[in-house]
Amino acid sequence: MAKAFLAVLAIAFAPLLTSAAEPQAADLTVTLTADKTDYVLGDDVQAEVTVTNASDKALDVAELVFEERSLSFDVSFEAAPGKTKQYTYSVLKPDPHLVDRIGPTKVSLKPKKSMTGVFRIPILKPGPLQVTAVYKGGEKEARSSVATLKVAAQADGANRLAAAVSTSKGDFQIDLLPEEAPNNVSSFVSLARRGFYNNMNFHRIIKGGWIQTGCPYDLGFGHAGYAVKSEAEGQTAVHEAGTVAMSQNLKGGFTGSQFFIDLKRQESHDKKFTIIGRVPESRMDVVKQIGSVDTDKNTDRPLKEDIRLKEIKIIVVK
1 MAKAFLAVLA
11 IAFAPLLTSA
21 AEPQAADLTV
31 TLTADKTDYV
41 LGDDVQAEVT
51 VTNASDKALD
61 VAELVFEERS
71 LSFDVSFEAA
81 PGKTKQYTYS
91 VLKPDPHLVD
101 RIGPTKVSLK
111 PKKSMTGVFR
121 IPILKPGPLQ
131 VTAVYKGGEK
141 EARSSVATLK
151 VAAQADGANR
161 LAAAVSTSKG
171 DFQIDLLPEE
181 APNNVSSFVS
191 LARRGFYNNM
201 NFHRIIKGGW
211 IQTGCPYDLG
221 FGHAGYAVKS
231 EAEGQTAVHE
241 AGTVAMSQNL
251 KGGFTGSQFF
261 IDLKRQESHD
271 KKFTIIGRVP
281 ESRMDVVKQI
291 GSVDTDKNTD
301 RPLKEDIRLK
311 EIKIIVVK
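According to the numbering used here, the sequence shown is numbered sequentially starting from 1.
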């Protein structure tokens, strides 16, 4: 009798059990459309991203903005022949101190409606490039299909990104190292191209140690309105004369817009500050000149005159 009763229950609930095991359709879908498929180093990918509510009900979701709690990009590029580097191009807004207090701005996305934005992704190296849009503004993460792109070197063979730095003491060059810190290099390149670094001061000079700039307030506590996760821990590069690294955000584990250039070997900086590039020895004269000026012992600022960072231009070199 008991066995017969259980058999009846099993038959009755079989459709429910089967239904529960079936995968559910995603409420949100994400598409990424690149502006083209073939690029030259020095370009940005302009990615149009669309998030669509595929469900039959309105959804409260995060506004579509470039911020890791809303939108980021998984990127894969050829760091060296036969060696692929993968990273997530993302930032955290407004600041890691505030993210627990200020949630993403929410919008109501109606059924079958979409929100769309266009976002620029810096290209770091020539070779194959793959980009995926990742949206985390709903209940579940939603990803686009992979966009497979190609990047060529410049016509003259130039195949490396660098930064041409102009200061009131002269000019120098930073050879960027995207294979060491792709997300931080991407942030630096993006800020430079938008003119963020134009007309700033070298606000901190540790004589014989390092020179520092990149604060929009010229005081040492400002940033670009967002933070980037540090990539220092996994780096193989070390801090020596000419090393360019991002300063830490006021909260450890993050960087911002400020960067510094080492004037000598700094072992205590290894795996603590994210290295993004190097100034070649042949271009170090101006850096050394800046690093040798007399400074205020209380503020580390130059005593006689401000040393200006006039402009940073992103260039492609051989």
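Yeah, the Cβ is synthetic: ideal placement off N, Cα and C, and Gly gets one too.
Please read all numbers here as calculations on a predicted model, not as lab measurements.
DSSP state of residue 308 mapped onto helix, strand, coil = Taking the sequence shown and counting its residues from 1, one reaches residue 308 at position 308. The answer is strand: DSSP assigns residue 308 an E or B state.
inquiry  = Excluding the 5 residues flanking residue 129 on each side, which residues of the same chain have their C-beta closer than 6 Å to its C-beta?
reply    = Residue numbering aside, residue 129 sits at position 129 when the sequence shown is read from its first letter. Correct list, in chain order: 77, 149 and 151.
message = Among the candidates 305, 224 and 30, whose CA atom is the shortest distance from the CA of residue 117?
response = Walking along the sequence shown from the start, residue 117 turns up at place 117. Closest option to residue 117, judged by alpha-carbon separation, among 305, 224 and 30: 30.
query = Taking Cβ to Cβ, would you say residue 226 is nearer than 8 Å to residue 94?
reply = As a first step, residue 226 must be located in the sequence shown, where it is residue number 226. As a first step, residue 94 must be located in the sequence shown, where it is residue number 94. Yes.
task = Note the first and the last residue of the continuous alpha helix (DSSP H) segment covering residue 273.
result = Taking the sequence shown and counting its residues from 1, one reaches residue 273 at position 273. Under the DSSP assignment, residue 273 falls outside any alpha helix (DSSP H); it carries neither an H nor an E label.
ask   = In chain order, what residues of the same chain have a beta carbon less than 7 Å from the beta carbon of residue 219, not counting five sequence neighbours either side?
value = Counting from one through the sequence shown, the residue named residue 219 turns up at place 219. Residues of the same chain with a CB within less than 7 Å of the CB of residue 219, apart from the 5 flanking positions on each side, are 203 in chain order.
task = Please classify residue 102: does DSSP put it in a helix, a strand, or coil?
result = By one-based count along the sequence shown, residue 102 stands at place 102. Of the three classes helix, strand and coil, the one that applies to residue 102 here is coil, per DSSP.
request  = Count the other C-beta atoms from every protein chain shown that fall within 10 angstroms of the C-beta of residue 280, then say buried if there are 16 or more, exposed otherwise.
outcome  = Numbered from its first residue, the sequence shown carries residue 280 at position 280. With fewer than 16 Cβ atoms within 10 Å of its Cβ, residue 280 is classed as exposed.
Cβ neighbour criterion (16 or more within 10 Å) applied to residue 170 = Counting from 1 along the sequence shown, the entry for residue 170 is found at position 170. Counting the other Cβ atoms within 10 Å of the Cβ of residue 170 gives fewer than 16, which makes it exposed.
query = Based on the DSSP output, what are the partners of residue 165 in its beta bridges?
reply = Residue 165 sits at position 165 when you count from the first residue of the sequence shown. Per DSSP, 172 and 312.
Nearest neighbour of residue 164, chosen from 174, 215, 158 and 157 [CA to CA] = Position 164 of the sequence shown, counting from 1, holds the residue named residue 164. That would be 174, whose Cα lies nearest to the Cα of residue 164.
task = Could you pull out every residue in the same chain whose Cβ sits closer than 6 Å to the Cβ of residue 32, ignoring the five residues on either side in sequence?
result = As a working mapping, residue 32 is identified with position 32 in the sequence shown. Within the same chain, residue 32 has close Cβ partners 47, 49, 133, 144 and 147.
request  = Keeping to the same chain, check which residues put their C-beta closer than 8 Å to that of residue 183; ignore five residues upstream and five downstream.
outcome  = Start at 1 with the first residue of the sequence shown, and residue 183 comes out as number 183. So the qualifying residues of the chain are 87, 88, 89, 90, 228, 229 and 231.
ask   = Which whole-angstrom value describes the C-beta separation of residue 58 and residue 111, a residue pair presumed to lie in contact below a C-beta threshold of 8 Å?
value = Position 58 of the sequence shown, counting from 1, holds the residue named residue 58. Position 111 of the sequence shown, counting from 1, holds the residue named residue 111. Confirmed, Cβ separation roughly 6 Å.
task = Helix, strand or coil for residue 122, going by three-state DSSP, please let me know.
result = What you label residue 122 is simply residue 122 of the sequence shown in a count that begins at 1. Three-state DSSP puts residue 122 in a strand.
task = Within its chain, find whatever has a CB closer than 7 Å to the CB of residue 23; leave out the 5 residues flanking it on each side and keep chain order.
result = Looking up residue 23 in the sequence shown gives position 23. Note that residue 23 scores 40 on pLDDT, short of 50, meaning its location in the model is unreliable; the coordinates nonetheless yield the value given after this. There are no such residues.
ask   = Out of curiosity, what's the CA-to-CA distance linking residue 157 and residue 192?
value = One-based indexing of the sequence shown puts residue 157 at position 157. One-based indexing of the sequence shown puts residue 192 at position 192. Whole-angstrom Cα-Cα distance: 23 Å.
ask   = Over what stretch of residues does the alpha helix (DSSP H) that includes residue 285 continue unbroken?
value = On the sequence shown, position 285 is the one that residue 285 refers to. Unbroken alpha helix (DSSP H) run through residue 285: 285-291.
request  = Over the uninterrupted alpha helix (DSSP H) stretch that includes residue 53, give me the two end residues.
outcome  = Against the sequence shown, residue 53 aligns to sequence position 53. Unbroken run through residue 53 is the beta strand (DSSP E), 44-53; no alpha helix (DSSP H).
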